[in-house]
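In order, the protein sequences belong to chains A and B.
Residues in the first sequence are numbered from 0 upward in steps of one, following numbering that gives the first Met the number 0.
Residues in the second sequence are numbered from 0 upward in steps of one, following numbering that gives the first Met the number 0.
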Amino acid sequence: MAEVEGLERGRVANAEGHRAMLGPLKLECGTVLDRFPLAYQTYGALDEGKRNAVLICHALTGDQFVANANPFTRRPAWWPDMVGPGKVIDTDRYFVICANVLGGCMGTFGPKETNPATGRFWGLDFPVITVGDMVRAQALLLDHLGIPDLFCVIGGSMGGMQVLQWAAAHGDRVFSAVPVATAARHSSQNIAFHEVGRQAIMADPNWRQGQYLEYGVSPSAGLAVARMAAHITYLSEAALHRKFGRNLQNREKVTFGFDADFQVESYLRHQGSTFVDRFDANSYLYITRAMDYFDLAADYGGSLPKAFAGTKTRFCLVSFTSDWLFPTPESRAVVHALNAAAANVSFVEIATDKGHDAFLLDEPELFATLGGFLEGAAGVRGLAPR
Amino acid sequence: MNVRTDIPLLAQKLRPEDVRADLRVIAALVEPGSRVLDVGCGDGLLLAYLAREKGVDGRGIELSQAGVNACVAQGLSVVQGDADTDLGDYPANGYDYVILSQTLQATRKPYKVLKQMLRIGRHAIVSFPNFGHWRVRLSLFWNGRMPVTAALPQSWYETPNIHFCTIADFEQLCRDMGAVIERRVSVDAFGRRERIVAPGALANLFAEQGMFLLRNKN
Chain A
0 MAEVEGLERG RVANAEGHRA MLGPLKLECG TVLDRFPLAY QTYGALDEGK
50 RNAVLICHAL TGDQFVANAN PFTRRPAWWP DMVGPGKVID TDRYFVICAN
100 VLGGCMGTFG PKETNPATGR FWGLDFPVIT VGDMVRAQAL LLDHLGIPDL
150 FCVIGGSMGG MQVLQWAAAH GDRVFSAVPV ATAARHSSQN IAFHEVGRQA
200 IMADPNWRQG QYLEYGVSPS AGLAVARMAA HITYLSEAAL HRKFGRNLQN
250 REKVTFGFDA DFQVESYLRH QGSTFVDRFD ANSYLYITRA MDYFDLAADY
300 GGSLPKAFAG TKTRFCLVSF TSDWLFPTPE SRAVVHALNA AAANVSFVEI
350 ATDKGHDAFL LDEPELFATL GGFLEGAAGV RGLAPR
Chain B
0 MNVRTDIPLL AQKLRPEDVR ADLRVIAALV EPGSRVLDVG CGDGLLLAYL
50 AREKGVDGRG IELSQAGVNA CVAQGLSVVQ GDADTDLGDY PANGYDYVIL
100 SQTLQATRKP YKVLKQMLRI GRHAIVSFPN FGHWRVRLSL FWNGRMPVTA
150 ALPQSWYETP NIHFCTIADF EQLCRDMGAV IERRVSVDAF GRRERIVAPG
200 ALANLFAEQG MFLLRNKN
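Shown next, in the form of C-alpha cells:
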C-alpha cells in the first residue's frame, strides 16, 4: 500500500473523520484564504499506483459521511446503497474520499467557524463562495493527500455541479466523471426557490443579521420553512400522492384550524424541524448562493462545449424522469456539449416517480448503469479486476 | 476464458453465431482501431462486436431508453438520442465511420440524416431493407398488398419504417447529395452476403438488403 500522509487507516468507521489544514486558496470573490480547514472522510485503501481514488461530491445539505453514520448528528450514511464493500462504489476496490464543501457546517471552513481575526463567528463576514471554490479546495485536498488524479469523481445535484466543474477546470486529474441529476447552470426557477428559502431564514427575527450564534439563538423557524419549501422540490407530485394522498394525520376529519391535518403537512413539518438540528442557517445561505452563481458556460465565453474542449475524461450522465428540479433537458444540454467536444459520453434517463431525490434512493437501474460504466472505465484505467 | 479488461463485458461473452450476420458484414467494412459512431445502436451488439473483433473506439446513439441503459450497463459509451435531431451536435470528421444499420427507413428525414453522417464521419455505412427485391415486387403485383416478409414483419400501420426505398432509389440519393459509393454489398434476408454477386440493376432485384460504404465527394 502506498503511504498517504494524513490518513489514519482502519479508523474510518465511527471516527469523527479527518480535518486537513489547506491553503492558500484565492476565492472567486477575491478573498484569499491563507489556511482553512477541510473536513473529510475516506474509505478503503489507495492502491500502489494511486490510481483508484474516487471523489464523491455531496449535495446542498449533505456532508462527508457518505458511507458511515455522522458522529455529530447520528444520522445514517447518506449514500449507503451506492458506497460500501461490494457496492457499486466498492470500498474494497476503490479509495473513496468525501469532503464537506467549503461553506459547510460539518467541520470545513464555513460561516459557523470562528474568525481568528475577531474571535467571533464568521456569520455574514464569511466570504461568498462558489462551486469553483469548492472544487479548488478539494483539489488542494488531493495535493495534501498526494493523489495525482482521480479514477472517478461522482455526485448528484450540487455534487453533480462540482463534478462538471472538476471535469472542466481540472480535466487532467479526472479519468471518469459521473454527474447525476444536475445541470451546467442553475435555472431561474431554481434560483427563485432558493431565494424563497433565504428570505424565510432572513425574515426570522432570531437570524439577527446573521449574528445569531453570537446571541446564542437560532433562526429555526425560518430555516425549517426553507427546508420545507426545498423538500417539495426534491420530490414529485406522483411520489407525494403515492406516499400521502389526501390522508389525514391521526384524525378522522379536518379540524377547521391550521394544525397539521394532512399527513403531508405533518411530514413536511418533521422534515423542517429535524433539519434545523443538523444544519447551520448561514451555511444554507452561502451554499444556495454558490449553486445560484453556478454557470459553467459563462466561464468559457458562454460556450459549454468550450468548457470540455479536448477532454479525455469518460462521462456518464444520469437523469430521472420525474425530477423537475434538475429535469432531463438540463443533462441533455451537457450531453450535447460533450458530443460537440467529441467527448466519450454515456447518458441514461431512469424512469422513476421519486423525483430529484431518486439519486439517493434504492434505484436498481441506477446501480446497474453506474456499475457497468465504472467496470468499463476501470478496465480501461487498468485497475485490478474485482 | 481469458478475461480482458480493455473491452466491454458484453463483447467477451459474444460468440460469432450470436452476432447477426449483417452485423458481421458491416464489421468487415470497418478498419481495425478506428473511431466508430453507431446511430441507432440498439442493445449494443454491433458496438460490442466491433470493440472485440476490430478494437474500435465505439460510441452509440439509441432512441429507446431500455436499449441505452442496457448498453451503458455493459460498459459501452452510449447516449439516449434521436438520429433526426441530435447528429447536428457532433463535430465534423470526429469519426472514421458513422454506421446506420437498418435504421434509415425509420428516420423522418433520411436525406438530412445521411448528410449529417457524411459530415461527422470520414465514411458512412448504411444498410436498409430493399423494396426493389423481387419478392416485394411480386407481392405488390399479385396481391396488391404492402409486403410483409421475414425482414419486414410488421403491417404497414404498425411498422416504424416510414421511408422505404429500393437500392436504385438509394443510389440516386447518393448521386444527388454528392456521396461517393466506395463499396456496395448485397445481403440476403438473413443478413448473409449474397453468394451470387448481382451487379447494378440485378442487385436491386435480388438483394433483400442494401449495404453501402460511402464517403463525401470532397
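We put the CB at the ideal spot given by N, CA and C, even for glycine.
For Gly93/B, go through chain A and note every residue whose CB falls closer than 8 Å to its CB, in chain order.
Ala341
What first and last residue would you give for the alpha helix (DSSP H) that runs through Leu213/B?
No alpha helix (DSSP H) contains Leu213/B, which is instead part of the beta strand (DSSP E) from 208 to 215.
State the DSSP-derived secondary structure class of Gln95/B, mapped to helix, strand or coil.
In the sequence on display, residue 95/B carries Asp and not Gln. Residue state, collapsed to three classes: strand.
Does the Cβ-Cβ distance between Leu222/A and Tyr285/A come in under 8 Å?
no
With DSSP as the reference, identify every bridge partner of Thr113/A, one or two as the case may be.
Phe120/A
Against chain A, with Cβ distances strictly below 8 Å, would Ala72/B count as a contact?
yes
Collapsed DSSP secondary structure at Gly103/A in the structure displayed
coil
Less than 7 Å between C-beta atoms, sequence neighbours within five positions excluded: which residues of the same chain meet that for Arg454/A?
In the structure as shown, chain A begins at 0 and stops at 385. Residue 454/A is therefore absent and cannot be evaluated.
Would a C-beta distance cut-off of 8 Å place Ser272/A and Gln248/A closer than the cut-off?
no
With 8 Å as the C-beta to C-beta threshold (strictly closer), list the residues of the segment 84 to 108 of chain B near chain C in chain order.
This model lacks chain C altogether, as its protein chains are A and B.
Give the DSSP-derived three-state secondary structure of Glu348/A in the structure shown.
strand
Give, in chain order, every residue of the segment 346 to 357 of chain A whose Cβ lies closer than 9 Å to some Cβ of chain B.
Phe346, Val347, Glu348, Ile349, Ala350
Determine, using beta carbons only, whether Val112/B and Leu99/B come nearer to each other than 8 Å.
yes
Rounded separation between Ala297/A and Phe307/A - CA only
13 Å
For a contact defined as C-beta to C-beta under 8 Å, what are the partners of Glu362/A on chain B?
Simply none; closest approach about 11 Å.
Does Cys164/B come out as helix, strand or coil in the three-state DSSP assignment?
strand
How is the alpha helix (DSSP H) around Gly131/A delimited, first residue to last?
130 to 144
Spatial neighbours of Ser175/A within its chain, please: C-beta separation below 6 Å, excluding the five flanking residues on both sides.
Cys151, Arg313, Ala376
Anticipated Cβ contact below 8 Å, Val67/B with Val35/B, distance rounded:
Wrong, their Cβ atoms sit about 17 Å apart, outside the cutoff.
Per DSSP, His122/B forms a beta bridge with which residues?
Tyr96/B, Arg214/B
Indicate whether Met176/B and Lys114/B have their beta-carbon atoms separated by less than 8 Å.
yes
Please go through the same chain and pick out, in chain order, the residues whose beta-carbon is closer than 6 Å to the beta-carbon of Ala199/A, but skip the five residues on each side of it.
Gly221, Val224, Ala225
Can a CB atom of chain B be found closer than 8 Å to the CB of Phe372/A?
yes
Should Leu316/A and Pro178/A be called a contact, given that it needs their Cβ atoms to be closer than 8 Å?
yes
What does Val334/A touch in chain B if you count any residue whose Cβ is under 7 Å from its own?
Val78
Helix, strand or coil at Gln73/B according to DSSP, with G and I counted as helix
coil
Trp78/A to Asp361/A span [Cα, whole Å]
9 Å
Here's a check: name, in chain order, each residue in its chain whose Cβ is nearer than 7 Å to the Cβ of Val71/B, leaving out the five neighbours to either side.
Val77
With 8 Å as the threshold, decide whether the Cβ of Gln115/B is near any Cβ in chain A.
no
Can you give me the Cβ contacts of Ala200/B inside the same chain, cut-off strictly under 7 Å, excluding the 5 residues immediately before and after it?
none
Buried or exposed (CB count within 10 angstroms, at least 16 for buried), Ile195/B
Confidence at Ile195/B is low in this model, with a pLDDT of 48, below 50, so its placement is unreliable and no value can be given for it.
Against chain A, with Cβ distances strictly below 8 Å, would Val67/B count as a contact?
yes
Counting contacts by CB-CB distance shorter than 8 Å, is Gln171/B in contact with chain A?
no
Where do the ends of the alpha helix (DSSP H) carrying His17/A lie?
Run containing His17/A: none in the alpha helix (DSSP H); it sits in the beta strand (DSSP E), 17 to 21.
What is the rounded straight-line gap between the Cα of Gly155/A and the Cα of Val130/A?
13 Å
Round the Cβ separation of Ser219/A and Val275/A to the nearest angstrom and send it over; I've been treating them as touching at under 8 Å.
4 Å
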